[in-house]
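Trainee:
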């Protein structure tokens, strides 16, 4: 019987162990609970990570926005200055254009006046000139011979008596071929 008691004691120990294991298993989480716990933990971690990333992105965007705003303000300031400078230059250009047009008008009027005076002076300088056509030309003529020939023709055909000292200069007018005619005296 002793063996029987030993076996019974062993069976009782095994039963106690199995009962203890059952109680332990009941206290353990079920598979669904474990999955749910893992899912909740991962979701919480992902949310925290996403929040961190979003916070960093917001911070970077905010910094860049401030930087860009400063650049835009600087460009706006430069743009306003350039517009002011352009306006000043346009005003100066307009003033210069008016001044140039006035100077052109004055120059034109002075040019017309100078041309009129030049014509007058040319006519005045010719007031003592006489142009005589068809006087016979010969190869050996000189100013003196032309002078004598002209005084003789004027005396004969016009009845004008000129002294040789009355003639200041005498010369022939160039021909159509562009040859220069006698030397002036």
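In our numbering, the protein residues as written are 798 to 982. For glycine and all other residues, C-beta sits at the position ideal for the given N, C-alpha and C.
Are there 16 or more other CB atoms within 10 angstroms of the CB of residue 943, so buried, or fewer, so exposed?
Mentor: It counts as buried.
Trainee: Got a sec, what are the start and stop residues for the alpha helix (DSSP H) residue 933 sits in?
Mentor: That residue, residue 933, is in no alpha helix (DSSP H); it is neither H nor E in DSSP.
Trainee: Three Cβ pairs or more, each shorter than 8 angstroms: is that satisfied between the segment 883-902 and the segment 926-941?
Mentor: Contact fails: fewer than three Cβ-Cβ distances are below 8 angstroms.
Trainee: Taking the alpha carbon of residue 967 as the reference point, which residue from 941, 890, 954 and 959 has its own alpha carbon closest?
Mentor: Checked all of 941, 890, 954 and 959; the closest Cα to residue 967 is 941.
Trainee: The alpha helix (DSSP H) with residue 954 in it runs from where to where?
Mentor: Note, residue 954: alpha helix (DSSP H), 940-954.
Trainee: Decide if residue 982 is buried, meaning its Cβ has at least 16 other Cβ atoms within 10 Å, or exposed.
Mentor: The predicted model places residue 982 with a pLDDT of 43, which falls under 50 and marks its position as unreliable; any figure quoted below should be read in that light. By the neighbour-count rule (16 or more Cβ atoms within 10 Å), residue 982 is not buried but exposed.
Trainee: Could you tell me the alpha carbon to alpha carbon distance between residue 970 and residue 937, rounded to whole angstroms?
Mentor: Going from the Cα of residue 970 to the Cα of residue 937 covers about 17 angstroms.
Trainee: For the alpha helix (DSSP H) that contains residue 831, what are its first and last residues?
Mentor: Residues 828-922.
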